[in-house]
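The sequence shown lines up with residues 913 to 1195 when you count with our numbering.
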Amino acid sequence: MSSTSSPAAPRPGRVATRTTHALPWALHPDVRTVWLAAVTRGAPGVFLDYDGTLTPIADRPEQATLVASTRARLARLASRCPVTIVTGRDVAVVRDFVQLDEIGYAGCHGLDIEGAAGSGLRYEAAETLLPALDGAEADLRRGLSRTAGALVERKRYSVSTHYRLVGRGDTPRVEEVVATVARRYPELRRERGKKVFELRPDVAWDKGSAVGWLLSALSLDPGAATYIGDDETDEHAFELLDGAGVPIVVEHGDRPTSARYRVRDPREVTEVLDLLIEALALS
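1. Over the uninterrupted alpha helix (DSSP H) stretch that includes I1189, give me the two end residues.
2. Using CA coordinates, which residue listed in V1086, S1070 and Y1069 is at the minimum distance from L1077?
3. Any idea what DSSP makes of S915, helix, strand or coil?
4. By alpha-carbon positions, which one of Y1069, G1061, L1012 and T1040 ends up nearest to R1080?
5. Buried or exposed: where does R1001 fall if 16 or more other Cβ atoms within 10 Å of its Cβ makes it buried?
6. Go through the segment 964-1032 residue by residue and report every complete run of the beta strand (DSSP E) that reaches 3 residues or more, in order.
7. DSSP three-state call for G1055: helix, strand or coil?
8. Which partner residues of K1067 appear in the DSSP bridge assignment?
9. Bridge partners for P1168 per DSSP, in chain order?
10. If you measure between the beta carbons of L1041 and P1113, is that distance less than 9 Å?
11. Would you mind working out which of V1123, A1094 and A1122 sits nearest L1111, comparing C-alpha positions?
12. I'd like to know whether the C-beta atoms of T996 and G1016 end up nearer to each other than 9 Å.
13. So, helix, strand or coil for R923, using DSSP?
14. Measure the Cβ-Cβ separation of H1021 and V998 and say whether it is below 9 Å.
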């Protein structure tokens, strides 16, 4: 590990008291005035999930490519404040999609952090659990080899089982295989996302931990930080910024959330980016 500061301490979880549909729409003229004022009051940083936030959810992970106009927006924003992609994907994979060296990447749900080029920021955890992940990957591939549509995706610090393309009748089989493998490797924990099960190191570190570490390492103001994400795994970051910052959820149905604002889809995320670029250019 190399860094400019110590890792942030993990935070206890809590129960969200709001739902996505009840949140104010971030692009409403009266609402955006409030959060843009917060962003321009301190040293801002912008953190974004990738899948479902910067790009629409794709049936297969390799299809979630970033459009050139969004890439250009990220580059412009990065010239005004630190920008980091916080994703469940491997750093190398999402960097290949984004193709920008001037932003940071926190992959594997924050377990693998690389700052923007020249920042010197680097944090990697849970290397001792790589053999367990190797074993779980092999067991999942073997157990699901005859389940049509099941896709096992290995990342450095997680093994994802995608079942978006699995028939409804086979979904319980996927869940059963994942549960069996999870019991076999107690040092890994099982989490559920949108049509995906993930096994990852059972350590006290998540996307919120990564954002907290980066806020400290980059000397950023939490009250001026923006986090945009769509998945349940983004809730840890929303919790971190709840009450001090701008947590924005990309809504996909109604669910409990610790976000303060909502947008409806990745297209509206680009509108938020445009507003941030304009506001920070004037501040």
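Cβ atoms here follow ideal geometry from the backbone N, Cα and C, with glycine treated the same way.
In brief:
1. The continuous alpha helix (DSSP H) containing I1189 extends over residues P1178 to L1194.
2. The shortest C-alpha separation from L1077 is found at V1086.
3. The pLDDT assigned to S915 is 44, lower than 50, so where the model puts this residue is not dependable; a value taken from the coordinates is nonetheless given after this. Note: S915 maps to coil in three-state DSSP.
4. R1080 has its Cα closest to that of G1061, out of Y1069, G1061, L1012 and T1040.
5. That one is buried.
6. Qualifying beta strand (DSSP E) stretches, in chain order: 995-998, 1016-1019 and 1024-1026.
7. It is helical.
8. DSSP lists S1070 as partners of K1067.
9. Note: P1168 sits in a beta bridge opposite T931.
10. The answer is yes: Cβ separation under 9 Å.
11. Shortest Cα-Cα distance from L1111 to any of V1123, A1094 and A1122 involves A1094.
12. In contact: T996 and G1016 (Cβ atoms closer than 9 Å).
13. In this prediction, R923 has a pLDDT of 49, which is less than 50 and means its spatial position is unreliable; what the coordinates show is noted afterwards. Collapsing the DSSP output to three states places R923 in coil.
14. Yes. Within cutoff.
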